[in-house]
Amino acid sequence: MAVTVMPIADALAIAFVEPFILLWLGKALFKDEVGPRRIGASVVGFCGALLVIQPSLNAFGLVALFPLGTAFAFAAYMLTTREMAGYMHPVAMQQHTSLMGIVMCLPIMLFANGTGWAEFDPVMPQGLNWLWLFGVGFWAAISHMSMTYALKYAPSATLAPLHYFEIVAAVGLGYAVFGDFPNMMTWGGIGVIVASGLYIIYRERLAAQQLH
Numbered sequence: 305m306a307v308t309v310m311p312i313a314d315a316l317a318i319a320f321v322e323p324f325i326l327l328w329l330g331k332a333l334f335k336d337e338v339g340p341r342r343i344g345a346s347v348v349g350f351c352g353a354l355l356v357i358q359p360s361l362n363a364f365g366l367v368a369l370f371p372l373g374t375a376f377a378f379a380a381y382m383l384t385t386r387e388m389a390g391y392m393h394p395v396a397m398q399q400h401t402s403l404m405g406i407v408m409c410l411p412i413m414l415f416a417n418g419t420g421w422a423e424f425d426p427v428m429p430q431g432l433n434w435l436w437l438f439g440v441g442f443w444a445a446i447s448h449m450s451m452t453y454a455l456k457y458a459p460s461a462t463l464a465p466l467h468y469f470e471i472v473a474a475v476g477l478g479y480a481v482f483g484d485f486p487n488m489m490t491w492g493g494i495g496v497i498v499a500s501g502l503y504i505i506y507r508e509r510l511a512a513q514q515l516h
């Protein structure tokens with residue numbers, strides 16, 4: 305919904321407050337340690353994300369609630385996944401998640417059929433669309449299982465700053481697939497994101513060595 309009423313860059317800039325939400329929800333619900341270094345790494349990563357996204361900041365208003373809702377929902381999704389990862393295998397969790405998605409979407413599709421509401425009116429895929437849908441499902445499953453394994457072995461406070469690597473991957477794929485070559489500000493943002501992620505990895509490795 306957000307990208308239909310505001311620029312994509314602005315929507316992404318708002319949605320990427322999600323790591324901060326994840327930090328504080330993890331502290332409130334799971335008593336994760338949220339120290340100044342982790343907060344600082346998230347702030348630095350967010351600044352790098354803004355350099356890459358380069359939002360216009362002209363569309364902030366009530367429409368900003370859409371990407372903000374996305375940020376809260378995804379943070380809650382990750383924390384729910386973390387809780388379940390303690391006693392459920394990631395493959396089993398993926399199966400149950402997919403099944404629940406079908407159960408929740410099926411009634412909407414049945415009732416919305418023929419209403420003309422484009423967002424919910426079901427359309428049968430044609431030709432190569434089946435291949436694209438298979439690709440989306442495959443990579444979504446890989447992504448979810450990878451995230452589940454990560455949340456099983458690391459606290460959300462550690463993983464939150466690393467979310468900004470998603471932007472680095474998106475820039476790389478944009479260049480490889482669409483030929484979108486990053487400008488200097490984008491390269492600077494990528495460098496900031498990578499630096500914040502490497503700092504978190506270094507700090508966690510140092511903390512692990514001190515424990516042993």
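Numbering-wise, the sequence shown is residues 305 to 516 according to the numbering used here.
Even for Gly, the Cβ is constructed at its ideal location relative to N, Cα and C.
Contact between residue 460 and residue 327 holds, since their C-beta atoms are separated by about 7 angstroms, short of 8 angstroms. When secondary structure is reduced to three states using DSSP, residue 408 falls in the helix class. Taking the CA atoms as reference points, residue 349 sits about 12 angstroms from residue 341.
Distance from the CA of residue 385 to the CA of residue 490, rounded to the nearest whole angstrom, comes to 32 angstroms.
A Cβ-Cβ separation of about 34 angstroms leaves residue 357 out of contact with residue 403 under the 8 angstroms criterion. Counting along the chain, the unbroken alpha helix (DSSP H) around residue 330 starts and ends at 322-334. The beta carbon of residue 375 sits closer than 8 angstroms to the beta carbons of 318, 319, 320, 321, 322, 325 from its chain, once the five residues preceding and following it are set aside; these are given in chain order.
Exclusion of the five residues before and after residue 481 leaves no residue of its chain whose Cβ lies closer than 8 angstroms to its Cβ.
In this structure residue 467 is buried. Its beta-carbon is surrounded by 16 or more other beta-carbon atoms within 10 angstroms. Residue 452 places its beta carbon less than 8 angstroms from that of residue 397. For residue 417, there is no enclosing alpha helix (DSSP H), since its DSSP letter is neither H nor E.
If you draw a straight line from the Cα of residue 335 to the Cα of residue 329, it is about 9 angstroms long. The C-alpha of residue 484 is placed about 41 angstroms away from the C-alpha of residue 332.
Taking all protein chains shown into account, residue 477 has fewer than 16 neighbouring C-beta atoms within 10 Å of its C-beta and is therefore exposed. The criterion of a C-beta distance shorter than 8 angstroms is satisfied by residue 504 and residue 345. Listed in chain order, the non-local C-beta contacts of residue 437 below 8 angstroms within the same chain comprise 429, local neighbours out to five positions each way being set aside.
Residue 395 is classed as exposed because its beta carbon has fewer than 16 other beta carbons within 10 Å across all chains shown.
With 16 or more other Cβ atoms inside 10 Å of its own Cβ, residue 382 counts as buried. Going by DSSP, residue 481 is part of the alpha helix (DSSP H) stretching over 469-482.
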